[in-house]
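Trainee: Residue numbers (this note's numbering): 14 to 131.
C-beta: ideal position from N, C-alpha, C; glycine also.
Here it is: the structure, laid out below.
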(Lines of atoms letter the chains of each structure in order from A and count residues from 1; the text may use other names and numbers.)
(Lines give C-alpha, C1' and ligand atoms only; values in the text may rest on other atoms or scores of the structure.)
Protein backbone atom coordinates (compact mmCIF):
# COMPACT_ATOMS: atom_id res chain seq x y z
CA UNK A 1 0.00 0.00 0.00
CA UNK A 2 2.74 2.49 0.89
CA UNK A 3 4.90 1.45 -2.06
CA UNK A 4 2.43 2.40 -4.78
CA UNK A 5 1.54 6.06 -4.30
CA UNK A 6 0.41 7.14 -7.77
CA UNK A 7 -1.49 5.64 -10.68
CA UNK A 8 1.32 6.97 -12.89
CA UNK A 9 3.91 4.61 -11.42
CA UNK A 10 4.92 1.54 -13.40
CA UNK A 11 4.07 -1.47 -11.26
CA UNK A 12 5.03 -5.01 -12.24
CA UNK A 13 4.71 -8.45 -10.68
CA UNK A 14 7.56 -10.86 -11.30
CA UNK A 15 7.44 -14.62 -10.86
CA UNK A 16 10.78 -16.28 -10.38
CA UNK A 17 12.40 -19.55 -9.43
CA UNK A 18 15.61 -18.88 -7.60
CA UNK A 19 17.37 -16.12 -9.54
CA UNK A 20 15.61 -16.97 -12.82
CA UNK A 21 12.73 -14.77 -13.94
CA UNK A 22 9.86 -16.90 -15.25
CA UNK A 23 7.22 -14.29 -16.03
CA UNK A 24 6.64 -10.53 -15.66
CA UNK A 25 3.28 -8.73 -15.93
CA UNK A 26 2.29 -5.08 -15.65
CA UNK A 27 -0.27 -4.20 -12.98
CA UNK A 28 -3.01 -1.69 -13.81
CA UNK A 29 -3.14 0.96 -11.08
CA UNK A 30 -6.26 3.08 -10.58
CA UNK A 31 -6.99 6.02 -8.30
CA UNK A 32 -8.35 5.00 -4.92
CA UNK A 33 -12.12 5.44 -4.74
CA UNK A 34 -13.28 8.57 -2.95
CA UNK A 35 -15.31 7.54 0.09
CA UNK A 36 -18.90 8.79 0.21
CA UNK A 37 -19.85 9.95 3.67
CA UNK A 38 -23.32 11.01 4.81
CA UNK A 39 -23.78 14.39 6.46
CA UNK A 40 -27.02 16.35 6.30
CA UNK A 41 -28.20 19.62 7.81
CA UNK A 42 -31.87 20.45 8.16
CA UNK A 43 -33.05 23.92 7.16
CA UNK A 44 -32.51 26.39 10.00
CA UNK A 45 -34.65 29.45 10.70
CA UNK A 46 -32.88 32.34 12.47
CA UNK A 47 -33.86 32.25 16.14
CA UNK A 48 -34.45 28.49 16.38
CA UNK A 49 -32.67 26.83 19.27
CA UNK A 50 -30.75 24.11 17.37
CA UNK A 51 -29.31 23.16 14.01
CA UNK A 52 -29.95 19.45 13.49
CA UNK A 53 -29.09 16.76 10.98
CA UNK A 54 -27.63 13.32 10.44
CA UNK A 55 -24.05 12.11 10.29
CA UNK A 56 -22.10 9.07 9.10
CA UNK A 57 -20.96 6.25 11.39
CA UNK A 58 -17.36 7.11 10.45
CA UNK A 59 -17.68 10.59 11.98
CA UNK A 60 -16.48 11.21 15.52
CA UNK A 61 -17.49 14.88 15.70
CA UNK A 62 -19.67 17.40 13.87
CA UNK A 63 -18.77 21.07 14.26
CA UNK A 64 -20.65 24.27 13.43
CA UNK A 65 -18.67 26.74 11.32
CA UNK A 66 -19.85 30.32 10.80
CA UNK A 67 -18.21 32.48 8.15
CA UNK A 68 -15.33 30.00 7.89
CA UNK A 69 -14.54 29.85 11.62
CA UNK A 70 -15.22 27.17 14.22
CA UNK A 71 -18.22 28.24 16.30
CA UNK A 72 -19.34 25.24 18.37
CA UNK A 73 -19.21 21.45 18.67
CA UNK A 74 -22.46 19.57 18.30
CA UNK A 75 -23.91 16.83 20.49
CA UNK A 76 -23.94 13.44 18.74
CA UNK A 77 -26.51 10.68 19.26
CA UNK A 78 -24.83 7.49 17.99
CA UNK A 79 -28.04 5.45 18.36
CA UNK A 80 -29.95 7.57 15.84
CA UNK A 81 -26.87 8.95 13.99
CA UNK A 82 -28.18 12.50 14.53
CA UNK A 83 -26.56 15.65 15.88
CA UNK A 84 -27.75 18.96 17.29
CA UNK A 85 -25.94 22.16 18.10
CA UNK A 86 -27.27 25.20 19.95
CA UNK A 87 -27.21 28.01 17.41
CA UNK A 88 -29.76 30.66 18.42
CA UNK A 89 -27.10 33.06 19.76
CA UNK A 90 -24.61 32.29 16.98
CA UNK A 91 -26.60 32.29 13.74
CA UNK A 92 -28.24 35.71 13.63
CA UNK A 93 -28.61 36.38 9.90
CA UNK A 94 -29.39 34.46 6.72
CA UNK A 95 -26.39 36.27 5.21
CA UNK A 96 -23.92 34.34 7.36
CA UNK A 97 -22.14 31.36 5.79
CA UNK A 98 -23.21 28.48 8.04
CA UNK A 99 -21.65 25.03 7.60
CA UNK A 100 -21.55 21.74 9.45
CA UNK A 101 -18.25 19.85 9.26
CA UNK A 102 -17.90 16.16 10.10
CA UNK A 103 -14.50 14.80 11.10
CA UNK A 104 -12.88 11.62 12.27
CA UNK A 105 -10.25 12.70 14.75
CA UNK A 106 -8.45 15.60 13.07
CA UNK A 107 -9.39 14.53 9.51
CA UNK A 108 -12.28 16.33 7.83
CA UNK A 109 -14.62 13.85 6.12
CA UNK A 110 -17.43 16.05 4.79
CA UNK A 111 -18.74 19.62 4.88
CA UNK A 112 -22.28 20.79 4.11
CA UNK A 113 -23.87 24.23 3.95
CA UNK A 114 -26.86 24.90 6.19
CA UNK A 115 -29.80 26.56 4.44
CA UNK A 116 -30.55 29.53 6.73
CA UNK A 117 -34.04 31.01 6.51
CA UNK A 118 -34.93 34.49 7.85
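What residues in its chain sit with their C-beta under 7 Å from that of residue 117, if we drop five residues either side in the sequence?
Mentor: If you number the chain shown from 1, residue 117 lands on position 104. Taken in chain order, the residues that qualify are 71, 72 and 73.
Trainee: Measuring only the C-alpha atoms, how far is residue 124 from residue 50?
Mentor: For the purposes of this step, residue 124 is taken as residue 111 along the chain shown, with counting starting at 1. For the purposes of this step, residue 50 is taken as residue 37 along the chain shown, with counting starting at 1. Looking at the two C-alpha atoms, the distance is approximately 10 Å.
Trainee: Compute the Euclidean distance between the alpha carbons of residue 82 and residue 120, then round it to the nearest angstrom.
Mentor: For the purposes of this step, residue 82 is identified with residue 69 of the chain shown, where counting begins at 1. For the purposes of this step, residue 120 is identified with residue 107 of the chain shown, where counting begins at 1. Rounded to whole angstroms, residue 82 to residue 120 spans 16 Å at the Cα level.
Trainee: In or out: residue 47 buried (at least 16 other Cβ within 10 Å) or exposed?
Mentor: Here residue 47 corresponds to residue number 34 of the chain shown, with the count starting at 1. The residue is exposed, with fewer than 16 neighbouring Cβ atoms inside 10 Å.
Trainee: Starting from residue 59, follow its DSSP beta bridges and name the residues at the other end.
Mentor: The residue labelled residue 59 in the question sits at position 46 within the chain shown. Residue 59 pairs with nothing; no bridge assigned.
Trainee: Hey, could you find the ends of the beta strand (DSSP E) residue 115 is sitting in?
Mentor: Within the chain shown, numbered from 1, the residue matching residue 115 stands at position 102. Start and end: 111-117.
Trainee: Assuming residue 78 is part of the beta strand (DSSP E), what are its boundary residues?
Mentor: To locate residue 78, count along the chain shown from 1; it is residue 65. Per DSSP, residue 78 belongs to the beta strand (DSSP E) from 74-79.
Trainee: Can you tell me where the beta strand (DSSP E) holding residue 96 begins and where it ends?
Mentor: The residue given as residue 96 occupies position 83 in the chain shown. It spans 95-99 - the beta strand (DSSP E) in which residue 96 sits, taken as one unbroken run.
Trainee: What residues match up with residue 29 in a beta bridge as DSSP calls it?
Mentor: Locating residue 29 in the chain shown gives position 16, counting from the first residue. Note: residue 29 sits in a beta bridge opposite 34.
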